[in-house]
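Just so it is clear: in the sequence shown, position 84 is 84 by full-length UniProt numbering, and no numbers are missing. Yeah, the Cβ is synthetic: ideal placement off N, Cα and C, and Gly gets one too.
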Amino acid sequence: MIFSEVSPRPHDTGMVTLISQDLSEFALHVRAFLGLPVGGIRQYGPAASAVILPQLTSQNVTFDNVQNAVGADLQIRLFGKPEIDGSRRLGVALATAESVVDAIERAKHAAGQVKVQG
């Protein structure tokens with residue numbers, strides 16, 4: 001077996017659980033590591049994530065317009081990566097809505113509002 005990466009953490013695509021339910025993927029991993037019971041998981045409703053995936057080269061990445069991208073049931077999570085060379089996931093937008101389709105649209109719009117500069 002060959003591994004390209006071993007990370008003892010949830011993948012960034014699981015970040016949608018930070019807004020979609022009361023126990024996030026991160027909390028579930030901690031409970032599993034500690035041998036704690038999971039119990040019931042309460043889902044808040046339809047949710048989606050959209051990646052912030054710029055294409056540039058910089059050793060000093062900055063973000064603009066984040067304050068305009070967040071709102072009610074809409075979050076931006078930046079990964080804190082200071083550099084980029086090409087295309088790199090630098091964060092995600094998380095959204096809830098009345099339907100999954102609407103949540104996807106809100107998340108994509110919010111991700112597009114974040115301006116990445118370097």
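Near residue i, what residues of its chain come up, given a Cβ to Cβ distance below 7 angstroms and the 5 sequence neighbours on each side ignored?
i	result
Thr-17	Ser-24 and Glu-25
Gln-117	Thr-62 and Asp-64
Ala-48	Val-16, Ala-95, Val-100, Ala-103, Ile-104 and Ala-107
Gly-14	Glu-25
Would DSSP call residue i helix, strand or coil?
i	result
Ile-19	helix
Leu-53	coil
Leu-28	helix
Arg-77	strand
Gln-113	helix
Have a look at the options and flag the residue whose alpha-carbon is nearest the alpha-carbon of residue i.
i	options	result
Leu-90	Ala-111, Ser-4 and Ile-2	Ala-111
Thr-57	Ala-103, Ile-84 and Val-38	Ile-84
Leu-28	His-11, Val-38 and Val-51	Val-38
Ile-41	Pro-82, Ser-49, Arg-31 and Ser-99	Arg-31
Val-114	Pro-46, Gln-59, Ala-103 and Leu-74	Leu-74
Using a Cβ-Cβ cutoff of less than 8 angstroms, which residues in the same chain neighbour residue i once the five nearest sequence positions on both sides are dropped?
i	result
Val-70	Ile-76 and Ala-110
Tyr-44	Ile-19, Ser-20, Gln-21, Asp-22 and Thr-96
Glu-98	Gly-45 and Pro-46
Pro-82	Gln-59, Asn-60 and Val-61
In whole angstroms, what is the alpha-carbon distance linking residue i and residue j?
i	j	result
Leu-53	Ser-87	6 angstroms
Glu-33	Leu-78	For the record, residue 33 in the displayed sequence is Phe; it is not Glu. Roughly 25 angstroms separates the two Cα atoms.
Arg-106	Leu-36	35 angstroms
How about residue i: is its Cβ closer than 7 angstroms to a heavy atom in the ligand ATP?
i	result
Pro-37	As for the ligand ATP, it is missing from this structure, which has no ligand bound.
Beta-carbon within less than 6 angstroms of residue i's beta-carbon, same chain only, minus the 5 sequence neighbours each way: which residues are those?
i	result
Ala-50	Ala-93, Ala-107, Lys-108 and Ala-111
* Asked: Is there contact here, the region 85 to 104 with the region 45 to 64, by at least three beta-carbon pairs under 8 angstroms?
  -> Short answer: they touch.
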